[in-house]
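Q: Chains as they are written, first to last, in my numbering: chain A, 1 to 310; chain B, 311 to 620; chain C, 621 to 930.
Positions of the beta carbon are idealized from the N, C-alpha and C atoms, including for glycine.
Quick caveat: nothing in here was measured; it's all calculated off a predicted structure.
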Amino acid sequence: MNFKHRDVISIKDFTKEEIEYILEYAKRMIPYATGEKHTTLLKQQILATLFFEPSTRTRLSFESAMHRLGGNVIGFAEPSGTSQKKGESLADTIRMADSYSDAIVIRHPQEGAARLAAEFSEAPIVNAGDGAGQHPTQCLLDLFTIQTEKKNIKGKNVILLGDLKYGRTVHSLAYALALFKANLTLVSPETLKMPKEVIQECKEFGVEPVSTTNLEKAIKEADVLYATRIQKERFPDAEEYNRVVGSYKVSLALLQQAKEDLIVMHPLPRVVEIDPDVDKTNHAVYFTQAFNGLPVRMALLSLILGGKIL
Amino acid sequence: MNFKHRDVISIKDFTKEEIEYILEYAKRMIPYATGEKHTTLLKQQILATLFFEPSTRTRLSFESAMHRLGGNVIGFAEPSGTSQKKGESLADTIRMADSYSDAIVIRHPQEGAARLAAEFSEAPIVNAGDGAGQHPTQCLLDLFTIQTEKKNIKGKNVILLGDLKYGRTVHSLAYALALFKANLTLVSPETLKMPKEVIQECKEFGVEPVSTTNLEKAIKEADVLYATRIQKERFPDAEEYNRVVGSYKVSLALLQQAKEDLIVMHPLPRVVEIDPDVDKTNHAVYFTQAFNGLPVRMALLSLILGGKIL
Amino acid sequence: MNFKHRDVISIKDFTKEEIEYILEYAKRMIPYATGEKHTTLLKQQILATLFFEPSTRTRLSFESAMHRLGGNVIGFAEPSGTSQKKGESLADTIRMADSYSDAIVIRHPQEGAARLAAEFSEAPIVNAGDGAGQHPTQCLLDLFTIQTEKKNIKGKNVILLGDLKYGRTVHSLAYALALFKANLTLVSPETLKMPKEVIQECKEFGVEPVSTTNLEKAIKEADVLYATRIQKERFPDAEEYNRVVGSYKVSLALLQQAKEDLIVMHPLPRVVEIDPDVDKTNHAVYFTQAFNGLPVRMALLSLILGGKIL
Numbered sequence: 001m002n003f004k005h006r007d008v009i010s011i012k013d014f015t016k017e018e019i020e021y022i023l024e025y026a027k028r029m030i031p032y033a034t035g036e037k038h039t040t041l042l043k044q045q046i047l048a049t050l051f052f053e054p055s056t057r058t059r060l061s062f063e064s065a066m067h068r069l070g071g072n073v074i075g076f077a078e079p080s081g082t083s084q085k086k087g088e089s090l091a092d093t094i095r096m097a098d099s100y101s102d103a104i105v106i107r108h109p110q111e112g113a114a115r116l117a118a119e120f121s122e123a124p125i126v127n128a129g130d131g132a133g134q135h136p137t138q139c140l141l142d143l144f145t146i147q148t149e150k151k152n153i154k155g156k157n158v159i160l161l162g163d164l165k166y167g168r169t170v171h172s173l174a175y176a177l178a179l180f181k182a183n184l185t186l187v188s189p190e191t192l193k194m195p196k197e198v199i200q201e202c203k204e205f206g207v208e209p210v211s212t213t214n215l216e217k218a219i220k221e222a223d224v225l226y227a228t229r230i231q232k233e234r235f236p237d238a239e240e241y242n243r244v245v246g247s248y249k250v251s252l253a254l255l256q257q258a259k260e261d262l263i264v265m266h267p268l269p270r271v272v273e274i275d276p277d278v279d280k281t282n283h284a285v286y287f288t289q290a291f292n293g294l295p296v297r298m299a300l301l302s303l304i305l306g307g308k309i310l
Numbered sequence: 311m312n313f314k315h316r317d318v319i320s321i322k323d324f325t326k327e328e329i330e331y332i333l334e335y336a337k338r339m340i341p342y343a344t345g346e347k348h349t350t351l352l353k354q355q356i357l358a359t360l361f362f363e364p365s366t367r368t369r370l371s372f373e374s375a376m377h378r379l380g381g382n383v384i385g386f387a388e389p390s391g392t393s394q395k396k397g398e399s400l401a402d403t404i405r406m407a408d409s410y411s412d413a414i415v416i417r418h419p420q421e422g423a424a425r426l427a428a429e430f431s432e433a434p435i436v437n438a439g440d441g442a443g444q445h446p447t448q449c450l451l452d453l454f455t456i457q458t459e460k461k462n463i464k465g466k467n468v469i470l471l472g473d474l475k476y477g478r479t480v481h482s483l484a485y486a487l488a489l490f491k492a493n494l495t496l497v498s499p500e501t502l503k504m505p506k507e508v509i510q511e512c513k514e515f516g517v518e519p520v521s522t523t524n525l526e527k528a529i530k531e532a533d534v535l536y537a538t539r540i541q542k543e544r545f546p547d548a549e550e551y552n553r554v555v556g557s558y559k560v561s562l563a564l565l566q567q568a569k570e571d572l573i574v575m576h577p578l579p580r581v582v583e584i585d586p587d588v589d590k591t592n593h594a595v596y597f598t599q600a601f602n603g604l605p606v607r608m609a610l611l612s613l614i615l616g617g618k619i620l
Numbered sequence: 621m622n623f624k625h626r627d628v629i630s631i632k633d634f635t636k637e638e639i640e641y642i643l644e645y646a647k648r649m650i651p652y653a654t655g656e657k658h659t660t661l662l663k664q665q666i667l668a669t670l671f672f673e674p675s676t677r678t679r680l681s682f683e684s685a686m687h688r689l690g691g692n693v694i695g696f697a698e699p700s701g702t703s704q705k706k707g708e709s710l711a712d713t714i715r716m717a718d719s720y721s722d723a724i725v726i727r728h729p730q731e732g733a734a735r736l737a738a739e740f741s742e743a744p745i746v747n748a749g750d751g752a753g754q755h756p757t758q759c760l761l762d763l764f765t766i767q768t769e770k771k772n773i774k775g776k777n778v779i780l781l782g783d784l785k786y787g788r789t790v791h792s793l794a795y796a797l798a799l800f801k802a803n804l805t806l807v808s809p810e811t812l813k814m815p816k817e818v819i820q821e822c823k824e825f826g827v828e829p830v831s832t833t834n835l836e837k838a839i840k841e842a843d844v845l846y847a848t849r850i851q852k853e854r855f856p857d858a859e860e861y862n863r864v865v866g867s868y869k870v871s872l873a874l875l876q877q878a879k880e881d882l883i884v885m886h887p888l889p890r891v892v893e894i895d896p897d898v899d900k901t902n903h904a905v906y907f908t909q910a911f912n913g914l915p916v917r918m919a920l921l922s923l924i925l926g927g928k929i930l
């Protein structure tokens, strides 16, 4: 298995075996992520973080990952003042970053931007979200969280909750969960249902997702509840939005109907989807999930930068 | 005395003995702060600098302090584009930074924000200013400057000049100077006088602050003149503002009436409070004071991060 | 030859021998710039990058240069939120950065800002562009590119193309090329011709620049075509602008009339001056030129910071 210099644009760029390898390696990264152990694996290597759209959580976790591995970081946190504003093409900006770094993390509002960037860069490109497109390291850390919390992904009952239509990262996650043979329950308002193509992809792996609007019923058998943000602007009127948000809010009352070892996940930032009261329960793993971004990104960066394995 | 993992929210979090210890340790940091000596005491540790309100001087001195100690830095310099803008709670943002770093420096426009942050973080929080609230490292570097310039704080005649009502950092400073038994003279316009509670606090340490509006008279006996910014918006009309600013301006003419070894301090940035002509005199220590932010913050960071003492 | 602690404000601050020394040293930096070799020459030294005007390419190349040499970086990428916004003088901001770093890179919209900064800083100042003024490291990397691509600068036919009136970096380049005895052809619209003083300077080195508006004719004998941006706002009407931009566009058709080994340069970012079709030809060296900013800035930083020579 060879990851050196590979671009990471979509979770589909990896085979199941490669994903398993990354998750296994990420596990070994945990003591280095917490700062308990130290390494200089990527000593004097430079990561460029190009955020054409701000995303503090993703950016800081990549930058922390690089520092934990002994490397350095250059870049920008938002597009104001970049050459793009002066009319420079994305290709030229990427060539520039390629000259000054060993790997590039790119976040961009336009779908396909990361794939385009990869065409113009010798340094490996990691897609940190391209608009409605892919966000493969989010998908990896989601899988990692389920695997470390539940020992296994296969056979687990996973609810994907919220806006399943427009949130494409949840499409990648559905694909990846099906690849790992989880049982999927899709809970969304009628107007925000998972697209047929994604369901078809899952079926190709032998997984038959169940669609429902009834969260209260679905929660009873679930091992994992994966909540996502429901964006106000998707709804024709505020009343309908409030009704949906209200009925899909993860609360203590809802969790009383769940298995004792159900885990609640969320990619964060959250707004109103999860009641803060849930934070103190054993169900809440979303903060651990956010932390998991660190060992997963450390594993990925060290693999594509060709550092010898720890 | 144990500082490891302690939050630094207010100067009142420290005993007099602890403050003395920090100042003593800061003195030993000077050759490392100037770059004359090198250390890797905080090697591979990560400081997160979360500036929800910009403050270049404070931010750069913390970042320089961390680098001088061999550590790394992640963070943001202003709130634009942070998850807070997407509606995330401060608690969730802090939890995120906690996952990705070993200590957190926070600057926030709202009073109490740093204390709140400390509740949600395992990593120690350092308050770098929370609105009208506390700014303990500013207070420490002010004490450090008086001590290094005048050998002692006890018994020194210190003038606090300017807006003593709204500028709460000057309240902390008055408290700390009284703790160290300096003699305090409070010079301000009638409308911007030091609040009674602060004066009461000083009295509890046996210090009786003298209040006056007459700077020319007070300057004659002073060892330290601590000037602060007088903000235009505190005044009902421009004429009154101009009159006050004019009469409290630190100029060469004023300093001719002062002791030869009077030192002039200012937290910076200054606007019109000190005439640039004063810069060349021996009275001016405000640039040294700004530099002192570095050894003081180095001392504090290495203590709370539990690096072994140099 | 001694570079330690020297300010770098204008290319004219260096003798011809000093420039040759820097270019020679920059060549030795290439394997360290690509990351093939590692060094910790500037270990624990701190570079402050103060960008009062954004310039991503210049900033990232300085920051990468510092990291490649084992050093650290603090600073800001744009002026929003700096103390200058609160009314602080440039002098005070520079004194602050001086306290917290070992060398300062400054980019400022006002001509003369870097020279002013140097008056108030003990740490060496590197001018990374001050408005319509100087940008000496751009000049050095341009010379470096010609020398590495064409073996020699002396006797080479160099076309300077575009806005030769307002773009002062091209004035410095003309000066430096004349110093190195290149033959200069100046191609610009009538209204944007090179000022007489610059031509006079070239003559003092025994170089007689030829001025023309005819690019098609000039290209035939050229060894180097240096294109610059033609800014729309320099023209009284859009029609005239379009005509000029059209006739000076570097295209495949134009290059068919050029020598086989002509090199095309551009300081970047480019907008419409060079057709992307040219990128794939052997003529295009502008991406290499951008990379060259790295070894050249590494050489300069290590010289002024007094690191021992590699």
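1. Using a beta-carbon distance below 7 angstroms, is Ser61 of chain A in contact with chain B?
2. Pull up the DSSP beta-bridge partners for Arg727 of chain C, would you.
3. Taking Glu388 of chain B as the query, report the chain C residues whose CB atoms sit under 8 angstroms from its CB, ordered along the chain.
4. Against Lys86 of chain A, what residues of chain C qualify as contacts under a CB-to-CB distance less than 7 angstroms, listed in chain order?
5. By how many angstroms is the C-alpha of Ile46 of chain A removed from the C-alpha of Phe671 of chain C?
6. Starting from the C-beta of Val555 of chain B, find all residues in its chain whose C-beta is less than 8 angstroms away, skip the five residues before and the five after it, and write them out in chain order.
7. So, is Arg338 of chain B buried or exposed, given that buried needs 16 or more other C-beta atoms within 10 angstroms?
8. DSSP puts Ser83 of chain A in a beta bridge; with which residues?
9. Please report the straight-line C-alpha distance between Phe682 of chain C and Leu914 of chain C, rounded to a whole angstrom.
10. Among C:Tyr861, C:Ser867, C:Thr789, C:Phe696, which has the Cα closest to the Cα of Glu731 of chain C?
11. Given this structure, state the Cα-to-Cα distance separating Ala118 of chain A from Ile125 of chain A, to the nearest angstrom.
12. With C-beta atoms as the reference, is Gly167 of chain A less than 7 angstroms away from Ala227 of chain A?
13. Consider the Cβ of Pro364 of chain B: report whether some Cβ of chain C lies at a distance smaller than 7 angstroms.
14. Do you know offhand how far Met524 of chain B's Cα is from Ala387 of chain B's?
15. Confirm, please, whether the CB-CB distance from Ser867 of chain C to Asp895 of chain C is below 7 angstroms.
16. What whole-angstrom Cβ distance do Ala685 of chain C and Tyr720 of chain C have, given they're in contact under 8 angstroms?
17. Have a look at C:Asp722, C:Lys823, C:Val844 and flag the residue whose alpha-carbon is nearest the alpha-carbon of Ser741 of chain C.
18. Between Ile614 of chain B and chain A, is there a C-beta pair that is closer than 7 angstroms?
19. Looking at the structure shown, is Val582 of chain B part of a helix, part of a strand, or coil, going by DSSP?
20. So is Pro729 of chain C buried or exposed if we call it buried at 16+ other beta carbons inside 10 Å?
21. If the cut is a Cβ gap below 8 angstroms, which residues of chain B does Ala738 of chain C touch?
22. Suppose you measure from the CA of Ile159 of chain A to the CA of Arg417 of chain B; what does that come to, to the nearest Å?
23. Whose Cβ in chain C lies nearer than 7 angstroms to the Cβ of Asn72 of chain A?
24. Evaluate Arg243 of chain A with the Cβ neighbour count: other Cβ atoms within 10 Å of its Cβ, from every protein chain shown; 16 or more gives buried, anything less gives exposed.
25. Less than 7 angstroms separating the beta-carbons of Cys449 of chain B and Ser482 of chain B?
26. What residue range does the beta strand (DSSP E) around Thr312 of chain A cover?
27. Could you give the uninterrupted runs of the beta strand (DSSP E) lying entirely in the segment 493-564 of chain B, keeping only those of 3 residues or more?
28. From which residue to which residue does the alpha helix (DSSP H) around Leu450 of chain B run?
29. Thinking C-alpha only, which one of B:Asp317, B:Ala594, B:Leu613 is nearest Ile456 of chain B?
30. Which residues in chain A sit within 9 angstroms of Leu914 of chain C, going by Cβ to Cβ distance?
31. Along the segment 338-364 of chain B, what residues have a CB closer than 7 angstroms to any CB found in chain C?
32. On the DSSP bridge list, what partners appear for Asp102 of chain A?
33. In chain C, which residues lie with their C-beta within 9 angstroms of the C-beta of Ser561 of chain B?
34. Answer with yes or no whether the minimum CB distance from Arg917 of chain C to chain A is below 7 angstroms.
35. Measure the alpha-carbon distance for Glu346 of chain B versus Glu637 of chain C and round it to whole angstroms.
36. Using the Cβ count rule (16 or more neighbours within 10 Å means buried), how would you classify Ala798 of chain C?
A: Quick answer:
1. What you label residue 61 of chain A is simply residue 61 of the first sequence in a count that begins at 1. At least one chain B Cβ lies under 7 angstroms of Ser61 of chain A.
2. Mapped onto the third sequence, residue 727 of chain C falls at position 107. C:Phe671, per the DSSP bridge assignment.
3. In the second sequence, residue 388 of chain B corresponds to position 78, counting from 1. What Glu388 of chain B touches in chain C: Ser700, Gly701.
4. Here residue 86 of chain A corresponds to residue number 86 of the first sequence, with the count starting at 1. Ordered by position in chain C, the residues that pass the 7 angstroms Cβ test against Lys86 of chain A are Pro889.
5. Along the third sequence, read from residue 1 onward, the residue named residue 671 of chain C stands at position 51. Along the first sequence, read from residue 1 onward, the residue named residue 46 of chain A stands at position 46. Whole-angstrom Cα-Cα distance: 21 angstroms.
6. In the second sequence, counting from the first residue as 1, residue 555 of chain B sits at position 245. Around Val555 of chain B: Ile540, Val582, Glu583.
7. Position 28 of the second sequence holds residue 338 of chain B. Arg338 of chain B is exposed by the Cβ-count criterion.
8. Sequence index remark: in the first sequence, residue 83 of chain A carries index 83 (1-based). Bridge partners of Ser83 of chain A: none, in fact.
9. Taking the first residue of the third sequence as 1, we reach residue 682 of chain C at position 62. Taking the first residue of the third sequence as 1, we reach residue 914 of chain C at position 294. If you take the alpha carbons of Phe682 of chain C and Leu914 of chain C, they lie about 7 angstroms apart.
10. The count along the third sequence starts at 1 and reaches residue 731 of chain C at position 111. Residue C:Thr789 is the option with its Cα nearest to Glu731 of chain C.
11. Stepping through the first sequence from its first residue, residue 118 of chain A is reached at position 118. Stepping through the first sequence from its first residue, residue 125 of chain A is reached at position 125. About 6 angstroms.
12. Here residue 167 of chain A refers to the residue found at position 167 of the first sequence. Here residue 227 of chain A refers to the residue found at position 227 of the first sequence. Not closer than 7 angstroms, so no.
13. For this step, residue 364 of chain B is matched to residue 54 along the second sequence. Yes, Pro364 of chain B counts as interfacial toward chain C.
14. Walking along the second sequence from the start, residue 524 of chain B turns up at place 214. Walking along the second sequence from the start, residue 387 of chain B turns up at place 77. In the sequence as presented, Met is not what sits at residue 524 of chain B; that position holds Asn. For Asn524 of chain B and Ala387 of chain B, the distance between alpha carbons rounds to 40 angstroms.
15. Numbered from 1 along the third sequence, position 275 holds the residue referred to as residue 895 of chain C. Numbered from 1 along the third sequence, position 247 holds the residue referred to as residue 867 of chain C. Against a cut-off of 7 angstroms, the Cβ pair of Ser867 of chain C and Asp895 of chain C comes out as no contact.
16. On the third sequence, residue 685 of chain C is found 65 positions in, with the first residue counted as 1. On the third sequence, residue 720 of chain C is found 100 positions in, with the first residue counted as 1. Actually they do not touch by this definition, with Cβ atoms about 19 angstroms apart.
17. Locating residue 741 of chain C in the third sequence gives position 121, counting from the first residue. Taking only the C-alpha atoms, the option nearest Ser741 of chain C is C:Asp722.
18. What you label residue 614 of chain B is simply residue 304 of the second sequence in a count that begins at 1. Closer than 7 angstroms: no.
19. Here residue 582 of chain B is taken as the residue at index 272 of the second sequence, counted from 1. Reduced to three states, the DSSP call for Val582 of chain B is coil.
20. Numbered from 1 along the third sequence, position 109 holds the residue referred to as residue 729 of chain C. Flag for Pro729 of chain C reads exposed.
21. Residue 738 of chain C sits at position 118 when you count from the first residue of the third sequence. Simply none; closest approach about 16 angstroms.
22. The residue you call residue 159 of chain A lines up with position 159 of the first sequence. The residue you call residue 417 of chain B lines up with position 107 of the second sequence. Cα to Cα, the separation comes out at about 39 angstroms.
23. For the purposes of this step, residue 72 of chain A is taken as the residue at position 72 of the first sequence. By Cβ distance, chain C contributes His687.
24. Taking the first residue of the first sequence as 1, we reach residue 243 of chain A at position 243. Classification for Arg243 of chain A: exposed.
25. Stepping through the second sequence from its first residue, residue 449 of chain B is reached at position 139. Stepping through the second sequence from its first residue, residue 482 of chain B is reached at position 172. Closer than 7 angstroms, so yes.
26. It is not possible to answer for residue 312 of chain A, since the shown part of chain A is limited to 1 through 310.
27. 493-497, 520-522, 534-537
28. Within the second sequence, residue 450 of chain B is the residue found at index 140, counting from 1. Note, Leu450 of chain B: alpha helix (DSSP H), 446-460.
29. Here residue 456 of chain B refers to the residue found at position 146 when the second sequence is read from its first residue. The residue with the shortest Cα to Cα distance from Ile456 of chain B is B:Ala594.
30. In the third sequence, counting from the first residue as 1, residue 914 of chain C sits at position 294. Those are Ser99, Tyr100, listed as they occur along chain A.
31. Gly345, His348, Pro364
32. Your numbering for residue 102 of chain A matches position 102 in the first sequence. In the DSSP output, where bridge partners are listed per residue, Asp102 of chain A has none listed.
33. For the purposes of this step, residue 561 of chain B is identified with residue 251 of the second sequence, where counting begins at 1. Within chain C, no residue comes near Ser561 of chain B; the closest Cβ sits about 17 angstroms away, beyond 9 angstroms.
34. Translated into positions along the third sequence, residue 917 of chain C becomes position 297. No, Arg917 of chain C does not count as interfacial toward chain A.
35. Start at 1 with the first residue of the second sequence, and residue 346 of chain B comes out as number 36. Start at 1 with the first residue of the third sequence, and residue 637 of chain C comes out as number 17. Glu346 of chain B and Glu637 of chain C: Cα-Cα distance of roughly 31 angstroms.
36. Within the third sequence, numbered from 1, the residue matching residue 798 of chain C stands at position 178. Buried, since its Cβ has 16 or more Cβ neighbours within 10 Å.
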